[in-house]
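Read the structure below first, then the notes.
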Amino acid sequence: MARYTACVRTQMEPEDAFAYMADLRNFVEWDPGVTASEQIRGEGPSIDAAYDVTVRNGGREMTLTYAVIEYDAPRRMKLVAKTRLFQSIDEIEIVPTDDGTLAVYDAELRMPFPLSLGDRLLAKTFNEIGDKAAAGLEEALGGSLVS
49 MARYTACVRT QMEPEDAFAY MADLRNFVEW DPGVTASEQI RGEGPSIDAA
99 YDVTVRNGGR EMTLTYAVIE YDAPRRMKLV AKTRLFQSID EIEIVPTDDG
149 TLAVYDAELR MPFPLSLGDR LLAKTFNEIG DKAAAGLEEA LGGSLVS
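Numbering (my numbering), first residue to last: 49 to 195.
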């Protein structure tokens, strides 16, 4: 299983940080691996929302359909995309702090056996992709990455 977690400390209000991150149409603004994101179900972020998110991997593009499976504004949202080859489980968590907000984006890729034997190689690539997205999120939220 490949996993990447990014934590950004920002002075944004928790509600504003959540609203921005929970609207997956904003992915194209902060994740350089995302070339398009369109809401295909629901009205804005909510438990019934779904998004087609097109990602670039090397020279190829793939569209993943993310469905929101848990939604607790302005604290937490969980979404899932499934393909024949893997399942992507992403979670957004917003934690109010004394001086703003800690915004956490946690992404996990699960592959079935025997594809899961390649988890180490996938984890390396996933970390490289995650580092670029984390830098974009840091800039979009006007904050700083926390390790």
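Yeah, the Cβ is synthetic: ideal placement off N, Cα and C, and Gly gets one too. Quick caveat, the model's predicted, so the values are computed rather than measured.
In chain order, what residues of the same chain lie with their CB nearer than 7 Å to the CB of residue i, ignoring the 5 residues before and after it?
i      : result
Asn175 : Tyr52
Glu186 : Val56, Ser192, Leu193
Within this structure, are the beta carbons of residue i and residue j separated by less than 8 Å?
i      : j      : result
Met69  : Ile177 : no
Thr149 : Glu61  : yes
Thr113 : Ala98  : yes
Gly81  : Ala181 : yes
Thr83  : Arg104 : yes
Ala65  : Ala151 : yes
Ala15  : Glu77  : For residue 15 there is no data in the structure shown, the boundaries of the chain being 49 and 195.
Below 8 Å on the Cβ atoms is my contact criterion, and I expect residue i with residue j to pass it. Report the Cβ-Cβ distance as a whole number of Å.
i      : j      : result
Gln59  : Asp147 : 7 Å
Val116 : Ser136 : Contact flag wrong, Cβ pair sits at about 13 Å.
Gly184 : Asp79  : 6 Å
Excluding five sequence neighbours on each side, which residues of the same chain lie with their C-beta closer than 6 Å to the C-beta of residue i?
i      : result
Val194 : Cys55, Arg57
Thr111 : Asp100, Thr102
Glu63  : Pro122
Asp138 : Leu127, Ala155
Glu118 : Lys126
From the DSSP secondary-structure annotation, give me the bridge partner or partners of residue i.
i      : result
Ile142 : Ala151
Ser136 : Ala129, Leu157
Thr83  : Looking at the DSSP assignment, Thr83 forms no beta bridge with any residue, so it has no partner.
Met110 : Val103
Ala98  : Arg89, Ala115
Ser192 : Arg57
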